[in-house]
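Okay, so the sequence shown: first residue is 78 according to this note's numbering, each after it adds one.
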Amino acid sequence: MTIPPTSPADDHAIDQAAVLSALRARVARMEGGGATRPEDSIEVCAGMPGMARAALHEVLATEPGCGAAFAAMVLGRTAGTVLWIGSARAEWQAWPPGLAAWGLTPARLVLLRAERWKDALWAMEEALRCPAVGGALLVPAQGEGWAERAPLDLTATRRLQLAAEAGGALGMILQADPSVGPGGVQRGDQGVNQGGNQGQTAAHTRWRVSPAEGDEPHWWLELLRMRGGRPREAMAVAWQAASGRLKPLEGAIATPRRARR
């Protein structure tokens, strides 16, 4: 679903009331009048804290594929409609059949492509305020019309956090790990504070996910920051398709690709 411009003359301004009405109607049809939501957190992996509902979370991915898979796994465990909001940048677009393999079925998914960054940010905030929405994901990748993208700083993320608290949804920001350059070369930990996230934000947690070698989907999962908690070092995990869960692996199985030089 794409947010349409009203006319070329208004520089792609949108009729926010009309878009919001259409989104609410679609969510209501998908939910059949609403959905109940347990008041706990979403399990991520044994040995790691969960992701709290009614809160905003950040995920830094070294590659689009593992980032989308991790996001789909978490959002697939929410109750209600899930909105996936982004631009037209191909490598970060959602592919519903692929997301379904990680537990996020197309029947629950609304894909929203915004022409401008501020429209995407507005849609994310409104989605998080909707009680029938179980989760909303924002992919702040660059794209046409997104050159003016403002940093997701403390002010912007605070608005999203408050919206999540009001509606009860799980909010997620998924973006490329700024500490990794082209070809997977690590730029250094200071890169976390560059690009889309300018250091301090209002997000409840910040995660990093990286692919690792293995026959099954293997990742390195790291909790970089948690409000009121402590970070967790990178853990090797494997996806168990039969159970739909991540399983911790004993010892290191590979060098994270983000550390290659």
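Every residue gets a Cβ at the ideal spot worked out from N, C-alpha and C, and that includes glycine.
CB contact flag (residue i, residue j, <7 Å)
{"i": "residue 308", "j": "residue 298", "result": "no"}
{"i": "residue 181", "j": "residue 215", "result": "no"}
{"i": "residue 123", "j": "residue 325", "result": "yes"}
{"i": "residue 238", "j": "residue 133", "result": "yes"}
{"i": "residue 415", "j": "residue 202", "result": "For residue 415 there is no data in the structure shown, the boundaries of the chain being 78 and 338."}
{"i": "residue 212", "j": "residue 155", "result": "yes"}
{"i": "residue 125", "j": "residue 119", "result": "no"}
{"i": "residue 205", "j": "residue 157", "result": "no"}
{"i": "residue 303", "j": "residue 282", "result": "yes"}
{"i": "residue 135", "j": "residue 250", "result": "yes"}
Under the three-state DSSP convention, the category residue i falls into
{"i": "residue 174", "result": "helix"}
{"i": "residue 288", "result": "strand"}
{"i": "residue 300", "result": "strand"}
{"i": "residue 120", "result": "coil"}
{"i": "residue 203", "result": "helix"}
{"i": "residue 193", "result": "coil"}
{"i": "residue 185", "result": "helix"}
{"i": "residue 169", "result": "helix"}
Start and end residues, beta strand (DSSP E) containing residue i
{"i": "residue 325", "result": "322-325"}
{"i": "residue 158", "result": "158-163"}
{"i": "residue 214", "result": "210-215"}
N-terminal and C-terminal residue of the alpha helix (DSSP H) that residue i is part of
{"i": "residue 238", "result": "231-244"}
{"i": "residue 152", "result": "141-152"}
Backbone CA spacing between residue i and residue j [nearest angstrom]
{"i": "residue 228", "j": "residue 130", "result": "24 Å"}
{"i": "residue 280", "j": "residue 293", "result": "31 Å"}
{"i": "residue 320", "j": "residue 255", "result": "32 Å"}
{"i": "residue 174", "j": "residue 276", "result": "34 Å"}
{"i": "residue 305", "j": "residue 159", "result": "27 Å"}
{"i": "residue 139", "j": "residue 243", "result": "31 Å"}
{"i": "residue 183", "j": "residue 150", "result": "13 Å"}
{"i": "residue 195", "j": "residue 285", "result": "25 Å"}
{"i": "residue 143", "j": "residue 316", "result": "11 Å"}
{"i": "residue 311", "j": "residue 147", "result": "15 Å"}
{"i": "residue 209", "j": "residue 313", "result": "34 Å"}
{"i": "residue 198", "j": "residue 176", "result": "22 Å"}
{"i": "residue 172", "j": "residue 192", "result": "19 Å"}
{"i": "residue 322", "j": "residue 232", "result": "34 Å"}
{"i": "residue 217", "j": "residue 169", "result": "9 Å"}
{"i": "residue 163", "j": "residue 189", "result": "7 Å"}
{"i": "residue 296", "j": "residue 318", "result": "14 Å"}
{"i": "residue 200", "j": "residue 241", "result": "13 Å"}
{"i": "residue 187", "j": "residue 161", "result": "6 Å"}
{"i": "residue 230", "j": "residue 178", "result": "33 Å"}
Per DSSP, the bridge partner or partners of residue i
{"i": "residue 136", "result": "251, 284"}
{"i": "residue 314", "result": "296, 325"}
{"i": "residue 279", "result": "According to DSSP, residue 279 bridges with nothing at all."}
{"i": "residue 128", "result": "119"}
{"i": "residue 309", "result": "300"}
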